[in-house]
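Counting in the numbering used here, the final residue of the sequence shown is number 187, and the numbers go up one at a time with none missing. Every residue, glycine too, gets a C-beta built ideally from N, C-alpha and C. Worksheet: the structure to be examined is printed underneath.
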Amino acid sequence: IVVYMLVSKKVTPEEKSRVGSYVPLYITSVAFWMIQEQGSTILANFADKKTELSLAKLTGGAIHFDIPAAWFQSLNPIFIVALAPLFAMLWVKLGKHNPPTVIKFALGAIIGGVSYLIMVVPLAGGLAPGELIHPIWLVLSFLLITIGELCISPVGLATTTKLAPYAFTAQMMSLWMLSNATAQGLN
């Protein structure tokens, strides 16, 4: 798609330059979504097999309830709904001091990586047979990946619209959506 846009006579030299500058953002987006999409596979399995889900054990017997492992999959959408308005207010409040798109993308990608590195902390000493980690580690991991997503996803949509050649606006938006699909395919 990008090559077609770059050779098209419908695209001006200035638009071609913008399309070229979009490629690193696209690659970063694919890398981020590869990390983010692990939540529904690796982290779901981790929640089921390696996480203490008994509140009775976590609260010294005060609460008798087992957390269903699947509930952890609800954390990302809950955090999105809770944090998206805060991020929107932050970007607006920063106004002229708002970091450039590249910085937001880099920040989102780094935070996305940290969201998985944080899972190393409870595992650093190794788990004894039958030992399980506290669920707060999974909650923290999902929180961080969501923060990364809020740095990349809305910014990526807006940037895609800004950088799209006039003749290929719809195709460029499709390209943005394709970054997530590519990441899922590579997983």
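**Prompt:** Going straight from the alpha carbon of Pro13 to that of Asp48, what length do you get?
**Reply:** For Pro13 and Asp48, the distance between alpha carbons rounds to 53 Å.
Q.
Considering Cα atoms alone, identify which of Val7, Val11, Leu6 and Ile1 is closest to Tyr166.
A. Measuring from the Cα of Tyr166, the nearest candidate turns out to be Val11.
So is Ala158 buried or exposed if we call it buried at 16+ other beta carbons inside 10 Å?
exposed
- If you run the structure through DSSP and keep just helix, strand and coil, what is Thr12? coil
TODO: Under 8 Å by Cβ, that's how I've got Gly112 and Ile145 pegged, so tell me the actual separation to the nearest angstrom.
DONE: 6 Å
* Under three-state DSSP, which class holds Thr169? -> helix
query = Can you tell which of Val155, Thr51 and Ser17 has the C-alpha that lies nearest to the C-alpha of Leu127?
reply = Thr51
Would Phe72 pass as a contact of Ala44 if the rule is Cβ separation under 8 Å? yes
CA nearest to the CA of Ser74, picked from Met172, Ser40, Leu55 and Ala109: Ser40
Exercise. Which residue from Ile42, Leu150, Ile1 and Thr169 puts its Cα closest to that of Pro85?
Worked result: Ranked by Cα distance from Pro85, the first of Ile42, Leu150, Ile1 and Thr169 is Leu150.
Exposure label - Tyr22; buried when at least 16 CB within 10 Å: buried
(Q) Using only the alpha-carbon positions, how far apart do Gln171 and Ile35 sit? (A) 25 Å
- Message: Suppose contacts are defined by Cβ-Cβ distances below 8 Å. Is Val188 in contact with Val19 by that definition?
- Response: One cannot answer for residue 188 here, as it falls past the ends of the chain, which runs 1 to 187.
Which residue marks the beginning of the alpha helix (DSSP H) containing Asp197, and which one marks its end?
Outside the shown range of the chain (1 to 187) lies residue 197, about which nothing can therefore be said.
May I have the straight-line CA-CA distance separating Ser54 from Gly60, to the nearest angstrom?
10 Å
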